[in-house]
Structure formats: C-alpha cells, structure tokens
Amino acid sequence: MPTTKKESLVFSMIMCFFLVFIMTIYNEILNGNIFTLPFSKQVFSFILAYTIALFLDMVLVAPIAKSIGHKVYSLTAKKIFMILTISFFMVIGMALLMSIFGLIMSMNAGAVGDTSILNLYLSTFLKNFIFALPLQLLIAGPLVRFIFSKIPFNQTTAA
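Using full-length UniProt numbering, read the sequence shown as starting at 1 and increasing by one per residue.
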C-alpha cells in the first residue's frame with residue numbers, strides 16, 4: 001500500500017497506534033490493572049509503549065518482515081501471500097520485543113513476584129502473540145488499510 005517513505009511513516013503510525021492501543025487495554029485487563037491504575041499512568045504507559053513500538057517497527061521489525069515478505073512474493077507472485085507473510089512476521093517480532101517492554105513495566109511496578117523471569121516472559125509473549133495475530137490479520141490490517149486508502153496524499157503526475 002504505501003509507496004513512499006512519507007506514506008510508510010503514516011501507515012506505520014496508524015497501524016502502531018491501533019495495535020498498541022488495543023494491546024495496552026488487553027494487557028491491562030490481563031494484569032487486572034484496567035480499573036486499579038490511575039488513568040494518567042495508563043496514558044503514560046500507552047504513550048511510552050507507542051513510542052517504543054513505532055521505533056522498533058520502523059528500525060528493526062518492519063525491514064526484516066518486509067524482506068521476508070518480498071522473498072515470498074517473488075516465489076509465488078501473489079500479493080496476498082506477501083501481505084500475510086509481512087503481517088505474520090511483524091506480529092512475531094513486535095510480540096517478542098514488546099513483551100520485553102511489558103515485562104520491564106511489570107517489574108518496575110513490582111508486579112512480578114517470585115515467578116521466573118524466563119517463564120513470565122514466555123507466558124507474556126504467548127498471550128500477546130495469540131491475541132495480536134488474529135487482531136492484526138482480521139481487524140487491524142484490513143481496517144488500517146481502509147483508513148490509509150482514504151488519506152489523500154499529494155501525488156504529482158507528469159504533465
């Protein structure tokens with residue numbers, strides 16, 4: 001969908017906002033914090049998560065996922081496989097990295113307890129991945145592509 005760097009940035013910002021917003025609510029519900037944490041802390045947590053997610057998306061995860069997706073596309077010549085592959089690897093990469101963020105935030109809040117950090121991380125990753133994959137493929141991806149298609153970008157045409 002995006003064809004320029006500006007369009008890629010806008011697309012990533014919209015996609016990241018939507019996914020981080022929903023995933024933040026999901027994790028707050030899972031952790032039992034949705035009604036106990038002050039709203040200001042939840043907003044701060046969302047802004048921090050969004051900033052980190054957007055950075056990780058643009059610098060690390062998206063380039064890798066797009067590289068894999070384009071290789072699949074060159075093998076099949078079906079754009080849907082490229083889109084699904086990129087989405088799948090984006091979810092894996094972002095769930096792996098943002099689960100670390102969530103674990104750090106939980107540790108900072110003193111909510112970790114005696115559980116092994118590795119077990120807690122794997123559990124967090126699996127819960128996030130299982131929720132994020134269908135969210136990305138069935139809701140966020142189509143919705144953000146629709147919204148993105150309605151944004152009028154200045155397309156200069158040759159006269």
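Built from N, CA and C at the ideal position, the CB exists for glycine as well.
Original post:
Just curious, the alpha helix (DSSP H) that I151 is in, first and last residue?
Top reply: Membership of I151 in any alpha helix (DSSP H) is not indicated, and neither H nor E is assigned to it by DSSP.
Subject >> G113 - containing alpha helix (DSSP H), residue span >> reply: G113 -> no alpha helix (DSSP H), and no H or E assigned at all.
Subject >> Assigned exposure category for G113 - 16 Cβ within 10 Å defines buried >> reply: exposed
Original post:
Would you call the segment 63–76 and the segment 27–45 touching, i.e. three or more CB-CB distances under 8 Å?
Top reply: no
Original post:
Under a Cβ-count criterion, where at least 16 other Cβ atoms within 10 Å of its own Cβ denotes burial, should L9 be classed as buried or exposed?
Top reply: exposed
Original post:
Does the distance from the C-beta atom of V20 to that of Y50 stay below 7 Å?
Top reply: yes
Original post:
Can you tell me the Cα-Cα spacing of L143 and Y121, whole angstroms?
Top reply: Their backbone Cα atoms lie some 30 Å apart in a straight line.
Subject >> Rounded Cβ spacing between M98 and A53 (contact assumed at less than 8 Å) >> reply: The distance from the Cβ of M98 to that of A53 is about 6 Å, consistent with a contact at the 8 Å cut-off.
Original post:
From which residue to which residue does the alpha helix (DSSP H) around residue 165 run?
Top reply: The shown model of the chain, from 1 to 159, leaves out residue 165, and the question about it has no answer.
**OP:** Answer yes or no: do S12 and M58 have a C-beta to C-beta separation smaller than 7 Å?
**Re:** yes
**OP:** Report all residues from its chain with a CB closer than 8 Å to the CB of L135; omit the five preceding and five following residues, and keep chain order.
**Re:** Here the set comprises L19, I22 and M23.
**OP:** Leaving out five residues on either side along the sequence, give the residues of the same chain with a beta carbon under 6 Å from the beta carbon of residue 229.
**Re:** Residue 229 lies beyond the residue range present for the chain, which begins at 1 and ends at 159; the question has no answer from this structure.
Subject >> S116 classed as buried or exposed, judged by whether at least 16 other C-beta atoms fall within 10 angstroms >> reply: In the assembly as shown, S116 is an exposed residue. Its beta-carbon has fewer than 16 other beta-carbons within 10 Å.
Subject >> Nearest-angstrom Cα separation, counted from L138 out to L103 >> reply: 27 Å
Original post:
Using DSSP with H/G/I as helix, E/B as strand and the rest coil, what is T36?
Top reply: coil
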